[in-house]
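Asks: This is the structure, below, for whatever I ask next.
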Amino acid sequence: MASVLKNIYKCLIEIETTLINSLLQRFSPGQVPALINLPESSQSQPYRSLQELLQESVLWAVPKKRRSAEKVRNRRFGLPGYNWKPLVPKQNIVVCRNCGNYQERGLLCPACYKKVMDETKEIQQTILKELGSGPIEEDVIILYENENKEDLDPKMWKGKRIVEMKKPPPKIFSDNLLESSTEYKSDRTDVIEVPHPLEYK
Numbered sequence: 120m121a122s123v124l125k126n127i128y129k130c131l132i133e134i135e136t137t138l139i140n141s142l143l144q145r146f147s148p149g150q151v152p153a154l155i156n157l158p159e160s161s162q163s164q165p166y167r168s169l170q171e172l173l174q175e176s177v178l179w180a181v182p183k184k185r186r187s188a189e190k191v192r193n194r195r196f197g198l199p200g201y202n203w204k205p206l207v208p209k210q211n212i213v214v215c216r217n218c219g220n221y222q223e224r225g226l227l228c229p230a231c232y233k234k235v236m237d238e239t240k241e242i243q244q245t246i247l248k249e250l251g252s253g254p255i256e257e258d259v260i261i262l263y264e265n266e267n268k269e270d271l272d273p274k275m276w277k278g279k280r281i282v283e284m285k286k287p288p289p290k291i292f293s294d295n296l297l298e299s300s301t302e303y304k305s306d307r308t309d310v311i312e313v314p315h316p317l318e319y320k
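The sequence shown begins at 120 in this note's numbering and counts up by one.
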């Protein structure tokens, strides 16, 4: 590093002398005094340790400005609304209407969802026992205890495979899923209007 700096210094001195000589020759008549470079001093430079050379030649990655108190606080605690780090109690906890466990508003109840998962796994195991592990190309209909395919519309089960569960339907399903989905034909022509329960007369 020191030799590079020494070469740059020599080049700058030579450029300076040539510029001055050219200017003096142009604007002054007669003889022009020539500038001679002084010989370098033969005195040896003092010994420098490697640590001193590294401190001068390398820019270390150290902070140049002190962090403000606001930035320190934001790094420690975060920003509210973005990445707030302290623990905050949730205000959207409600009680499930079906099972009574706690849940977050707008999300599924974990206890009810676990019941549905258990029922789904049981249905999958029953299908695996009856139909095997081969490819199932037809749709599968699940019939619980006291349910017969004759009660259903033939369009619903024709061309489909039927798997019977030897247990009553669970209570986790809503009432409209437990009702029969077929509409029976009626000979009545009159229309009965059922009033809405919240309608006032």
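Where a beta carbon is used, it is the ideal one built from N, C-alpha and C, also for glycine.
Quick check on C130: buried or exposed, where buried means 16 or more other Cβ atoms within 10 Å of its Cβ?
Replies: On the sequence shown, position 11 is the one that residue 130 refers to. It is exposed - the Cβ of C130 has fewer than 16 other Cβ atoms within 10 Å.
Asks: If you run the structure through DSSP and keep just helix, strand and coil, what is V235?
Replies: Along the sequence shown, one-based indexing puts residue 235 at 116. V235 carries a helical assignment under DSSP once its states are collapsed to helix, strand and coil.
Asks: Taking Cβ positions, are P229 and N217 nearer each other than 9 Å?
Replies: Indexing the sequence shown from 1 puts residue 229 at position 110. Indexing the sequence shown from 1 puts residue 217 at position 98. Not in contact: P229 and N217 (Cβ atoms no closer than 9 Å).
Asks: With H, G and I counted as helix, E and B as strand and the rest as coil, what does DSSP make of E257?
Replies: Working through the sequence shown from its first residue, we reach residue 257 at position 138. Correct three-state label for E257: coil.
Asks: Look at K286 and E257 and say whether their C-beta atoms are less than 9 Å apart.
Replies: Sequence index remark: in the sequence shown, residue 286 carries index 167 (1-based). Sequence index remark: in the sequence shown, residue 257 carries index 138 (1-based). Going by C-beta atoms, K286 is not nearer than 9 Å to E257.
Asks: Is Q222 buried or exposed, if buried means 16 or more other CB atoms sit within 10 Å of its CB?
Replies: Within the sequence shown, numbered from 1, the residue matching residue 222 stands at position 103. Q222 should be labelled buried.
Asks: Can you find the residues in the same chain that come closer than 6 Å, C-beta to C-beta, to C231, ignoring five residues on each side of it along the sequence?
Replies: Numbered from its first residue, the sequence shown carries residue 231 at position 112. Excluding sequence neighbours, C231 sits near N217 and C218.
Asks: Just how far apart, CA to CA, sit P199 and S122?
Replies: As a first step, residue 199 must be located in the sequence shown, where it is residue number 80. As a first step, residue 122 must be located in the sequence shown, where it is residue number 3. Straight-line measurement puts the Cα of S122 at about 56 Å from the Cα of P199.
Asks: Tell me V282's beta-bridge partners as DSSP assigns them.
Replies: Here residue 282 is taken as the residue at index 163 of the sequence shown, counted from 1. Within the DSSP bridge table, the entry for V282 names I261 as partners.
Asks: So E223 is in the beta strand (DSSP E); what residue range does that whole segment cover?
Replies: As a position in the sequence shown, residue 223 is number 104, starting the count at 1. Counting along the chain, the beta strand (DSSP E) containing E223 begins and ends at Y221 to E223.
Asks: How many whole angstroms separate the CB atoms of I281 and K268, which I take to be in contact at a CB cut-off of 8 Å?
Replies: By one-based count along the sequence shown, residue 281 stands at place 162. By one-based count along the sequence shown, residue 268 stands at place 149. That pair is a contact at about 6 Å.
Asks: Between T245 and M275, is the Cβ-Cβ spacing less than 9 Å?
Replies: Position 126 of the sequence shown, counted from the start, is the residue given in the question as residue 245. Position 156 of the sequence shown, counted from the start, is the residue given in the question as residue 275. Cβ distance not < 9 Å, so T245 and M275 don't count as in contact.
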